[in-house]
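Undergrad:
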Ligand code: GUN
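Residue numbers (the working numbering): 12 to 293.
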């Protein structure tokens, strides 16, 4: 029997636990998440609204600061520096992607690592990539590891194949799996004979954003985690995996929507609380 993961159920369980913890703080001293949104990318607007909605639900104070597409890099960095100085701001997120004229690395690295809720600053990356402990782990990879742990899926010694090498998902996730003693293979757009590799995966994670994983590409009984999310030609939200065909051959699979996506939100909220707890102790 294939287990189909329910991301909303686990998200709600995690959010409820966070809500109960946050309820203990005075309102004015609650964790505070400030989100910077640049431009009018419709998907980013939806993601940001969703982040604010869930923050509100569990008692995190959240603010969205919107800039138009033509804003200068300096103006965004100035805002970030204000947040760095402001003790009431405990977490900062710059929604990606940013417009082309803005250097995202410069902007992200303006965030104080202690307030970097995405774990994307060089400081936090360096900690992760050297096997150390960042202030927090990037949200989607953290959500994927949580899915594996909550479902008692063994990572140590297993062959984990990650498809995609983005800063947000593929690279940090590969590193987190390696830190948990998986044998990790990272595949990408230039990988040759992809299916020969995916067929050897005990844990297959696809984070590409196009339909890629068919029924003949997996090993029977493996774990399939679909991080991809996009609209198909019929405007339906879908993932990288041909869910209908792959499902019966896997032991465990995450659907899209309703799989990894809700876990990213849960991780963001839990990172916000973690940064808050660490900041109170500084
Ligand atoms: N855009 C898409 N996903 C993410 C995310 O996890 N963090 C940020 N900052 N931007 C995103």
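A virtual CB, placed ideally from N, CA and C, is assigned to each residue, including glycine.
#1: Could you tell me if the beta carbon of residue 268 falls within a distance shorter than 8 Å of some heavy atom in the ligand GUN?
#2: Less than 8 Å separating the Cβ of residue 74 from some heavy atom of the ligand GUN?
#3: Under the three-state reduction of DSSP, which class applies to residue 86: helix, strand or coil?
#4: Distance check for residue 38 and residue 59, CA to CA, integer angstroms please.
#5: Are the Cβ atoms of residue 15 and residue 222 separated by less than 9 Å?
#6: Over what stretch of residues does the beta strand (DSSP E) that includes residue 171 continue unbroken?
#7: Give the DSSP-derived three-state secondary structure of residue 46 in the structure shown.
#8: Give me the residue from 66, 45 and 213 with the minimum Cα distance to residue 74.
#9: Which value, in whole angstroms, describes the spacing of the CA atoms of residue 239 and residue 254?
#10: Look at the Cβ atom of residue 172, then the Cβ atom of residue 122, and state whether they are nearer than 9 Å.
#11: Would you say the beta carbon of residue 125 comes nearer than 8 Å to a heavy atom of the ligand GUN?
#12: Per DSSP, which one or two residues make a beta bridge with residue 78?
TA: Concretely, from the data shown:
#1: For residue 268, the Cβ stays outside the 8 Å cut-off from all heavy atoms of the ligand GUN.
#2: At a cut-off of 8 Å, the beta-carbon of residue 74 does not count as near the ligand GUN: no heavy atom of the ligand is closer than that.
#3: Helix, per DSSP.
#4: Taking the straight line joining both Cα atoms gives about 22 Å.
#5: Cβ atoms of residue 15 and residue 222: not closer than 9 Å.
#6: Residues 170-174.
#7: Under the three-state reduction of DSSP output, residue 46 falls in the strand class.
#8: When C-alpha distances from residue 74 are compared across 66, 45 and 213, the shortest belongs to 45.
#9: Cα-Cα distance, rounded: 12 Å.
#10: Contact: no.
#11: Checking the Cβ of residue 125 against the ligand GUN gives no.
#12: In DSSP, residue 78 forms a bridge with 49.
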